[in-house]
């Protein structure tokens with residue numbers, strides 16, 4: 002495809018995305034509903050057929066030679082091995098292909114790169130249903146969530162990042178004739194400004210959100226002229242393989258070397274990540290995953306003088322002070338605690354309530370009654386045969402299921418016990434409902450740790466001020482992706498907003514309908530603040546793209 | 002002053018600066034000529050009177066208590082001690098004042114901050130002549146250069162950085178009502194986006210360009226809501242004291258705590274820099290200075306997880322391949338080698354010439370003849386009683402003068418010997434003319450080091466290609482702020498542009514008039530590429546400002 006063809010087809014998409022990043026009103030280029038009316042009546046069936054056809058076979062769609070053979074070890078949390086293998090090669094091969102591919106990519110305009118990438122995303126969109134099944138059976142997400150998170154929501158995050166990268170590269174002219182008046186004479190210099198990418202951009206994915214958390218860095222890296230290596234988590238390769246395959250096919254069709262974007266697949270027995278991290282040609286690293294390996298990534302990046310963007314994990318907190326509608330509040334919170342079994346980096350863990358209770362139009366409700374009412378709401382949701390299993394999904398990692406048992410055995414009063422959730426058609430699914438424990442500030446040794454999974458704590462405090470202090474201290478010490486505050490008091494809102502935002506975490510107030518604190522919307526919500534120990538990446542603010550390239554000035558005497 | 006008054010007076014200045022950052026045509030808010038017609042017929046006299054009045058006395062203009070007493074040890078390279086002392090205090094005092102001052106500063110709009118800072122710069126501009134004398138007698142620059150570099154040029158760089166910071170903070174709305182359509186219903190969330198500064202911004206200055214190299218970081222830090230500590234070099238405090246004093250007075254006048262911007266003065270006996278660097282409240286560091294201490298700064302920043310911008314030093318290179326005007330070329334180069342005695346981080350050091358000679362309209366000129374002609378041009382410039390002393394100025398640091406002697410004793414053929422330059426009225430001025438040595442690529446052990454000062458090498462190579470390889474290898478290994486290539490061959494220009502820009506350094510081609518490779522123009526030339534070992538800072542690209550703050554989202558159920 003030529004630049005003119007790309008412009009004709011995608012210029013408006015790019016312009017709208019650029020405008021949306023600025024206006025931050027609701028914008029979605031790809032509808033989130035997995036609906037036949039939108040994506041075609043056969044889309045779901047074809048997606049499922051494609052998924053089933055891929056099982057137990059080599060993934061042939063990637064334009065990468067399998068010099069190092071075929072590897073793969075994915076297994077569905079719903080209880081079966083996927084049996085898919087992917088081409089692999091040596092770290093040196095990946096790097097040398099990426100380096101030579103970058104030369105032509107960095108020499109075209111930012112607009113050209115952006116349009117190629119939008120074309121690739123439109124091709125990805127034709128495979129959203131396959132991506133949904135691939136994501137469901139690697140992450141354990143229920144199908145609708147898997148479709149949305151890895152399909153339209155991820156693609157919108159990618160579009161957001163690439164349009165942000167395009168904008169930042171377009172904030173200044175690419176050439177100018179500069180004339181300086183000097184009294185009676187003047188002197189003229191012709192100037193050009195070249196975008197020079199920092200180098201190879203390594204994106205290290207995670208097993209719970211293999212595309213949503215990785216495509217922002219991937220597309221930010223690509224639009225700024227870098228070659229990108231996507232190091233997928235060995236447990237969740239398939240969804241990302243589809244993104245990479247479509248990017249590679251599009252690059253090829255547009256006359257570029259497909260090795261500008263490569264998928265790196267390794268195994269837990271023979272991991273490649275550290276060797277990639279340490280390679281001097283790797284200049285930028287995007288990492289999503291646990292804090293332990295995250296600390297290693299950061300150290301290696303620092304030693305090597307690399308740019309690093311991390312999203313590790315934090316301890317997300319809730320304060321319940323007062324509400325106008327206790328049912329709506331607790332239904333919203335119950336959904337946030339149940340969705341994907343608490344395996345979202347944005348899911349709440351610690352719920353602080355003043356020991357005097359919660360002010361409502363019906364009067365003060367005791368902590369005990371709030372806890373029981375929350376249990377009812379969770380029971381109602383997860384016990385609903387139609388809604389429950391799909392909302393909770395399955396547990397990606399056996400260690401997470403083990404953590405639920407560990408938490409239940411802590412000896413804290415159990416508000417709601419975790420129990421297996423049956424999934425029709427998947428008898429071996431690893432799925433459990435939320436565990437809710439009750440404690441107070443004396444047990445901060447327990448609750449200030451991250452308990453990744455469907456585990457939460459209702460914690461009594463002496464006052465709203467104490468709850469707020471707990472929250473801000475927790476943000477500073479342990480990081481947070483989200484905070485949620487329920488209060489009807491404008492003064493408390495103002496104080497919470499000031500203190501929590503200065504502590505470096507976003508705040509949501511009084512969510513009581515169909516928006517949940519776990520969710521962040523592309524083009525509107527900045528995901529991650531970058532301002533606390535949970536990580537320094539933000540999807541997608543200006544620094545998320547601006548740090549991936551330099552500008553080199555070329556001056557010529559006129 | 003109220004926001005309305007600031008808007009009335011400075012909104013246009015801000016708008017023009019924002020536009021200039023984008024268009025990159027010639028723009029200067031403050032004229033560079035030290036002319037009475039522009040700045041007032043008495044401005045020079047008053048500046049000199051102010052300067053002389055400040056000598057041998059306490060600097061009273063700063064709104065900082067001298068809890069730690071008064072210190073100062075500046076000495077003019079023109080041969081006399083300044084005898085000025087400045088208020089000092091403990092690191093903890095500086096930090097606690099900065100931290101508490103930041104709260105109100107970060108809560109106002111980016112526009113408000115930008116306008117306050119422009120008002121401060123306009124007040125600085127009334128003291129440009131005093132700044133000129135202060136800079137001359139701390140750095141050793143000739144008066145005209147000192148006036149320009151520390152006055153209008155520095156103020157324009159400050160305006161560039163603050164307007165860039167304002168632009169980046171203004172790329173998105175500060176609040177929005179977000180409504181998501183969900184089939185028959187919709188859900189509305191009110192959103193706000195708060196700019197949260199990373200924390201205290203420490204700016205570490207150098208002795209040769211105490212303001213020009215420090216004000217970009219200072220104003221970028223301030224406009225993004227950070228409190229700033231300016232740690233001036235003990236040898237060059239006075240020029241920066243004027244900037245800080247005017248910023249403090251303006252903050253005060255506009256109702257802000259002057260401790261938002263503090264000058265830190267220490268002594269070589271009792272330095273404070275490391276303690277400041279390591280303080281956990283310091284989140285951003287701007288450093289200009291030598292590579293040895295620069296490495297320490299970088300290490301401390303990495304350990305502390307701080308944002309760091311450095312401009313250390315590199316080895317700047319020239320290739321002479323061919324020219325249409327050998328005299329104009331060598332006059333331009335002679336000026337670049339002589340200006341401020343080679344004490345600019347942008348001054349050329351290594352001049353590569355193919356052993357076959359330089360192609361000119363008069364035929365090939367041998368390396369020997371080019372060298373001799375360059376000597377003539379330098380002689381003509383520095384021997385000119387009217388032009389010479391003011392162009393070369395004085396040597397800031399005795400170690401630099403010692404380096405000239407060391408280089409002369411290397412045993413390499415001397416093309417041009419360095420000699421003392423007399424300065425009328427300053428019998429003890431430490432001033433020497435450029436030393437030019439001749440060698441070839443066999444002595445790369447010598448010339449690949451940085452020889453800071455008026456020291457350059459003419460180096461024979463086997464070919465243009467070899468010269469280009471020398472240049473690109475040097476950029477990658479030792480860094481560079483500038484490169485300069487003379488060639489009339491379009492193919493060689495293209496190859497040089499591609500290879501040098503990918504190596505990470507800017508390129509200037511065929512400079513032969515009144516623009517020199519050492520100079521970079523605010524609003525047009527990005528100073529420093531940030532893409533090679535010479536440093537990661539660029540005045541002022543988007544990442545120079547974007548990395549100084551985070552955005553925190555506040556979402557409220559509508």
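Protein chains in written order, with the numbering used here: chain A, 2 to 559; chain B, 2 to 559.
A virtual CB, placed ideally from N, CA and C, is assigned to each residue, including glycine.
Check, Outcome
"So, with DSSP's three-state summary, where would you put residue 1/B?", "Missing from the structure shown is residue 1/B; chain B here goes from 2 to 559 and no further."
"Using a threshold of 8 Å, state whether the C-beta atoms of residue 535/B and residue 314/B are closer than that.", "yes"
"Would you give the residue range spanned by the beta strand (DSSP E) that residue 437/B belongs to?", "436-441"
"Determine, using beta-carbon pairs with one atom in the stretch 217-236 of chain A and one in the stretch 192-208 of chain A, whether at least three such pairs fall under 8 Å.", "yes"
"With DSSP as the reference, identify every bridge partner of residue 198/B, one or two as the case may be.", "550/B"
"Hey, how far is the Cα of residue 336/A from the Cα of residue 346/A?", "15 Å"
"Could you have a look at residue 352/A and say whether DSSP puts it in helix, strand or coil?", "strand"
"Could you tell me the boundaries of the beta strand (DSSP E) in which residue 60/B lies?", "From DSSP, residue 60/B is part of no beta strand (DSSP E); its letter is neither H nor E."
"Would residue 188/A pass as an interface residue toward chain B - the criterion being a Cβ-Cβ separation below 8 Å?", "yes"
"Per DSSP, residue 192/A is paired with what?", "177/A, 556/A"
"Return the residues of the stretch 2-28 of chain A that lie within a Cβ-Cβ distance of less than 9 Å from chain B, sorted by chain order.", "22, 23, 24, 25, 26, 27"
"Alpha carbons only, please: which of 31/A, 143/A, 54/A, 3/A is nearest the one belonging to residue 427/A?", "143/A"
"Quick check on the DSSP output: the beta strand (DSSP E) that includes residue 565/B runs from which residue to which?", "As shown, chain B starts at 2 and ends at 559. That puts residue 565/B outside it, with no answer to give."
"Expressed to the nearest angstrom, what Euclidean distance is found between the alpha-carbon atoms of residue 382/A and residue 435/A?", "11 Å"
"Beta carbons nearer than 8 Å to chain B: which residues of the stretch 531-551 of chain A have them?", "531, 532, 539, 542, 543, 544, 547, 548, 551"
"Here's the rule I'm using: 16 or more other beta-carbon atoms within 10 Å means buried, otherwise exposed. How should residue 152/A be labelled?", "buried"
"Buried or exposed for residue 27/A, please, with buried defined as at least 16 other CB atoms from any protein chain shown within 10 angstroms of its CB.", "buried"
"To the nearest angstrom, report how far apart residue 238/A and residue 547/B are at their CA atoms.", "33 Å"
"Pick from 187/B, 120/B, 176/B: whose alpha carbon is nearest that of residue 553/B?", "176/B"
"Looking only at its own chain, which residues have a Cβ that is under 8 Å from the Cβ of residue 413/B, when we skip the five neighbours before and after it?", "438, 439, 440, 444, 447, 458"
"How about the stretch 80-89 of chain B and the stretch 48-56 of chain B: do they share at least three Cβ pairs that are nearer than 8 Å?", "yes"
"Could you have a look at residue 71/B and say whether DSSP puts it in helix, strand or coil?", "strand"
"Can you have a look at residue 307/A and say buried or exposed, based on whether 16 or more other CB atoms are within 10 angstroms of its CB?", "buried"
"Identify which residue in 67/A, 344/A, 455/A has its Cα closest to the Cα of residue 210/A.", "344/A"
"Is the separation between the beta-carbon of residue 248/B and that of residue 121/B shorter than 8 Å?", "yes"
"To which residues of the same chain is residue 113/A closer than 6 Å at the C-beta, ignoring the five residues directly before and after it?", "4"
"Provide the residue span of the alpha helix (DSSP H) that contains residue 130/B, from first to last.", "129-140"
"Using 8 Å for Cβ pairs, my map puts residue 467/A next to residue 322/A. What's the rounded Cβ distance?", "Actually they do not touch by this definition, with Cβ atoms about 11 Å apart."
"Report yes or no: do the stretch 522-539 of chain A and the stretch 166-184 of chain B share at least 3 C-beta pairs separated by less than 8 Å?", "yes"
"Does DSSP classify residue 48/A as helix, strand or coil?", "helix"
"Of all the options 201/A, 147/A, 485/A, which has the alpha carbon lying nearest to the alpha carbon of residue 98/A?", "201/A"
"In the DSSP output, what is residue 364/B paired with across the bridge?", "361/B"
"For chain B, check one thing: does any of its Cβ atoms lie closer than 8 Å to the Cβ of residue 558/A?", "yes"
"Within a Cβ cutoff of 7 Å, which residues of the same chain sit near residue 405/B, ignoring the five residues on either side of it in sequence?", "419, 433, 436, 454, 455, 456"
"Taking the CB atoms as reference points, tell me whether residue 368/B and residue 378/B lie closer together than 8 Å.", "no"
"Identify the contact partners of residue 112/A in chain B, using a Cβ-Cβ distance below 8 Å as the criterion.", "What residue 112/A touches in chain B: nothing, since even the nearest Cβ is about 16 Å away."
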